[in-house]
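Just so we're aligned: 174 in my numbering is position 172 of the sequence shown, and the numbers increase by one with no gaps anywhere.
Positions of the beta carbon are idealized from the N, C-alpha and C atoms, including for glycine.
Report on the following structure.
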Amino acid sequence: MLSEQATPVVRATLPVVGAAIGDIAELFYRRLFDARPALLSDLFNRGNQANGEQRKALAGSIAAFAGMLLETPDARPDAMLARIANKHASLGITSDQYKIVHRHLFAAMTDVLGAALTDEVTAAWDEVYWLMANALIAIETRLYQEAGAAEGEVWRRMEITERRRETPDVVSFLLRPRDGGPAG
Ligand code: HEM
Numbered sequence: 003m004l005s006e007q008a009t010p011v012v013r014a015t016l017p018v019v020g021a022a023i024g025d026i027a028e029l030f031y032r033r034l035f036d037a038r039p040a041l042l043s044d045l046f047n048r049g050n051q052a053n054g055e056q057r058k059a060l061a062g063s064i065a066a067f068a069g070m071l072l073e074t075p076d077a078r079p080d081a082m083l084a085r086i087a088n089k090h091a092s093l094g095i096t097s098d099q100y101k102i103v104h105r106h107l108f109a110a111m112t113d114v115l116g117a118a119l120t121d122e123v124t125a126a127w128d129e130v131y132w133l134m135a136n137a138l139i140a141i142e143t144r145l146y147q148e149a150g151a152a153e154g155e156v157w158r159r160m161e162i163t164e165r166r167r168e169t170p171d172v173v174s175f176l177l178r179p180r181d182g183g184p185a186g
């Protein structure tokens, strides 16, 4: 739930933030990938990055979450959080990466909103961000635990046991899990 101080500030600024979400999203990703190029090559889908709508998903969902906190302060949008957390856990997102996203997202908001982003407004949106981030981190932690995986460890080591040339330009590889367990 948002604090008493943050609630009116988020209510007053949500229309401005919502209207600027496309610009904020664009600058956010530019800043993020400039600082962490490996995230683009390893984690984010380049096809999705080329698509403006998908690019707005992350920042847009924070604005949507803020709207829900204002409309129904006592309810948690569990379905939305679960969908995002499942996507994140399938990709091996880790809790420390939320600080990186926070840094670049708020820098992008400063670039776009300028003087409108006072300390009071920043503090209020910080609350929104961390309420959502902590809810996602909690679900993702549970998903990793249920799968018996360490945080972010979604890849399984395999070894190639056979390399078969099928045709002059097609090769098949036979893989076996390194841990000796079943493949499926
Ligand atoms: C409060 C913070 C965050 C929010 C609100 C958020 C929100 C979202 C949303 C709405 C989606 C789309 C889900 C879908 O396809 O159904 C998504 C996907 C994704 N998120 Fe997050 N996210 C957050 C933090 C992070 C962090 C810390 C990372 C790690 C760097 C991350 C990496 C990704 C990636 C790689 C995808 C898939 C995008 C693609 O397909 O290219 N997110 N996130």
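Sequence-distant partners of R38 (beyond 5 residues in either direction) whose C-beta falls short of 7 Å from its own C-beta, in its chain, are I102. Within the same chain, Cβ atoms closer than 6 Å to the Cβ of L42 are found at F35, the five residues on either side in sequence being excluded. Per DSSP, L71 is one residue of the alpha helix (DSSP H) stretching across A59 to E73. Linking G24 to K58 through their CA atoms gives a straight-line distance of about 6 Å.
For G62, the Cβ falls inside the 8 Å cut-off from some heavy atom of the ligand HEM. M160 has its alpha-carbon roughly 49 Å from the corresponding atom of E73.
Take the alpha-carbon of H106 and the one of F30: they are about 6 Å apart. At the C-beta level, A8 and A126 come within 9 Å of one another.
Secondary structure note for S174: its beta strand (DSSP E) is the uninterrupted segment V172 to P179. No Cβ-Cβ contact shorter than 9 Å links V11 with L71.
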